[in-house]
Amino acid sequence: MRPLATLRTTAHRPGLLAALHRVREIVPMSPLTVFQAAAALAVGVRLARGHDRLPPLAPTGATAGRISVVIPARDEEGRIGPCLSAVLTDPAVAEVLVVDDESSDGTARLAADLGAKVVVGAPLPEGWVGKQWALLQGVEAAGGDIVVTLDADTRPAPGLFGALAAALDGYDLVSAGPRFVCDGIAEQALHASFLATLVYRSGPIGPSSVPAPHRVVANGQCMAFRRTAMLAAGGFARVRGHMTDDVALARTLAADGWAVGFLDAGGLLEVDMHESVAGVWREWGRSLPLRDVTGPGRQAADLAAIWLTTALPVLRLAAGRPTRLDLGLLAVRLLLTGALRGSYARPGPGLLLSPLLDPLTAVRLTQATLRPVRSWRGRTYSGITAPVVTPGARPDRPGQAGRPAPPARSAAR
């Protein structure tokens, strides 16, 4: 996802309450309106961070380190070809490793034929989600000092890997926000509605200020880090049971003192995530709620904000009874729709229609929060429990423990 950056909203709470009190003295409001106004102010604070976002990543050819690209793959024969073709021809990349995670199709054969090094994945240990297990094996097998992880459905452009390596002069972990490829108006409309909920909860991508660890987000479709630091931190093992693995990893390491950056790479990376509207509805439910990385109180507050600021205005408008606050929120939502054009490879009418689907998106977000998705790529993880991310002891492999120090800062910081 091109998900969003994060914000610390609790610091603004006294100011929000004071503003609400002044408004209520002037205009009597029902309890629902008070809650809606509070949610609107909280969302407004998050969206306002977009005015000083960091610039998008720019293409860079030369790098100071040897880059290994690791691609976890399970039954990806139909999608991995364009990704591999792009990575293998990039002169900044020293090696490409495809971790074949017990695929039942020709993923491994295709990867080898195209020129990638295939790592045959070991059987999945108990308590692990498949992607984290595959990534750990790939990082351990990599020879480069810089590792970039990619999903098989990504389409990197020339200059991406050099740009990510250069960004590691200022960060310990970098993830990249792509442009999304959506086929058809309906798919783009639903996708953009889901994406808006992430922006409303966490703010725009590329924040210039450092968020609190519990509000850090990341995009696991493309991440970069230094290999020795990640192995020393035991990062993938510490989030081995999380379905929302990317955000769990980023928050865990941020709590340890890592500098985590979530940067706009829309000009250098595209992702074709879903094959249909049904796929968007089904598959975003796995990570959209951020349920296994967010505490119950913040989950409830975020969910309430989505209902009050996106779904309720549309429902009242459809009933012919919008309030002035509803109309203001609808105007903000349309402005966000315009801002999201840069998040899509081919923005079209679906973007403009996306606010109409916000009530359905709120339903899906609620459903996935109450009944989290615990299956992925033909595996079910019903027996795995993953606590909300907190800093603490970590196993590199089952049976090992300890907590690492933050990675040493480079002279370029």
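In my numbering, the protein residues as written are 8 to 420. Idealized CB from N, CA, C, for every residue including glycine.
DSSP three-state label for residue i, please.
i    : result
G427 : Since the first residue of the chain shown is 8 and the last is 420, residue 427 is not available in this structure.
P413 : coil
W383 : strand
G169 : helix
G345 : helix
S357 : It should be noted that the sequence gives Gly, not Ser, for residue 357. Three-state result, G357: helix.
L75  : Position check: residue 75 holds Ser in this sequence, whereas Leu was assumed. Correct three-state label for S75: strand.
E194 : helix
A45  : helix
E277 : strand
D108 : coil
V103 : strand
A217 : Per the sequence presented here, residue 217 reads as Val, with Ala not at that position. Three-state result, V217: coil.
V246 : coil
L23  : Caution applies to L23, whose pLDDT of 47 falls short of 50 and renders its modelled position unreliable; the value that the coordinates give is listed next. If DSSP states are grouped into helix, strand and coil, L23 belongs with the helices.
G399 : Interpretation of G399 is limited by its pLDDT of 47, a score under 50 that renders its predicted location unreliable; the figure taken from the coordinates is listed afterwards. Three-state result, G399: coil.
A80  : strand
Y207 : helix
Tell me where the alpha helix (DSSP H) around residue i begins and ends.
i    : result
T156 : It is not in any alpha helix (DSSP H) - T156 instead sits in the beta strand (DSSP E) that spans 153-157.
P163 : Careful: P163 lies outside any alpha helix (DSSP H), inside the beta strand (DSSP E) at 161-163.
G145 : 137-148
V94  : 87-95
Thinking residue i and residue j are a contact (beta carbons under 8 Å), I'd like their distance in whole angstroms, please.
i    : j    : result
F232 : D179 : 7 Å
V287 : H198 : 5 Å
T369 : A318 : Checking the displayed sequence, the identity of residue 369 turns out to be Ala instead of Thr. The Cβ separation is near 4 Å, so the contact holds.
L167 : P79  : Not quite, the Cβ-Cβ distance comes to about 18 Å (not below 8 Å), so this is no contact.
L275 : L64  : 6 Å
T70  : A99  : 5 Å
S216 : R53  : Their Cβ separation, rounded to whole angstroms, is 12 Å, which puts S216 and R53 out of contact at 8 Å.
A193 : V284 : 5 Å
Y207 : T67  : 32 Å between Cβ atoms; not a contact.
V278 : V188 : 7 Å
L332 : T40  : 7 Å
L360 : L202 : So it is not a contact: roughly 14 Å between Cβ atoms.
R81  : E109 : 7 Å
V94  : D107 : Not confirmed; about 16 Å, so no contact.
Could you spell out where the beta strand (DSSP E) holding residue i opens and where it closes?
i    : result
G292 : Neither: G292 is in no beta strand (DSSP E) and is coded neither H nor E.
A261 : First-last for A261: 252-262, but that is the alpha helix (DSSP H), not the beta strand (DSSP E).
M230 : 229-233
L324 : Segment 319-325 is the alpha helix (DSSP H) holding L324; no beta strand (DSSP E) there.
D309 : Counting along the chain, D309 falls outside any beta strand (DSSP E), though it belongs to the alpha helix (DSSP H) covering 303-313.
S182 : 180-184
D271 : 267-271
V300 : Element bounds for V300: n/a, residue is neither H nor E.
V370 : First-last for V370: 365-377, but that is the alpha helix (DSSP H), not the beta strand (DSSP E).
V125 : 124-127
Going by CA-CA distance only, name the one from the options that's closest to residue i.
i    : options                : result
T156 : V105, S382, L121, H249 : V105
L270 : R289, L324, G213       : G213
S182 : G273, A115, A308       : G273
A308 : A45, P38, S37, V94     : A45
A174 : A47, A255, A266, T235  : A266
W291 : R116, G184, S200       : S200
R234 : A149, L343, G264       : A149
S294 : A219, A236, S382       : S382
L117 : L131, D190, L91        : L91
L205 : V254, C229, L238, A172 : V254
T161 : T259, D108, E83        : E83
G57  : D365, L342, D152       : L342
P220 : G227, G169, A261, G88  : A261
G349 : A326, G191, P211, T376 : P211
P413 : S111, G345, A239       : A239
P89  : V380, D158, A257, R186 : D158
G85  : P362, D112, Y388       : D112
E102 : D108, R81, V77, A93    : V77
P185 : D252, A352, L377       : A352
T376 : L337, L297, G122       : L297
G268 : G145, A172, G355       : A172
T387 : G134, Q43, A129        : G134
S37  : T330, I87, M230, P163  : T330
A129 : G122, E147, D120, D299 : E147
L364 : T259, W314, R258, D120 : W314
P218 : R60, L48, Q374, R378   : R60
G145 : C229, K124, P163       : K124
Using a beta-carbon distance below 8 Å, is residue i in contact with chain B?
i    : result
N226 : This model lacks chain B altogether; it includes just one protein chain.
Taking 7 Å as the line, does the beta carbon of residue i fall inside it for any heavy atom of the ligand COA?
i    : result
G345 : This structure does not include the ligand COA; it has no bound ligands of any sort.
Cβ contact (3+ pairs, closer than 8 Å) linking the region 302-311 and the region 237-248: no
contact_flag[the region 131-140, the region 246-253] where n(CB pairs < 8 Å) is 3 or more: yes
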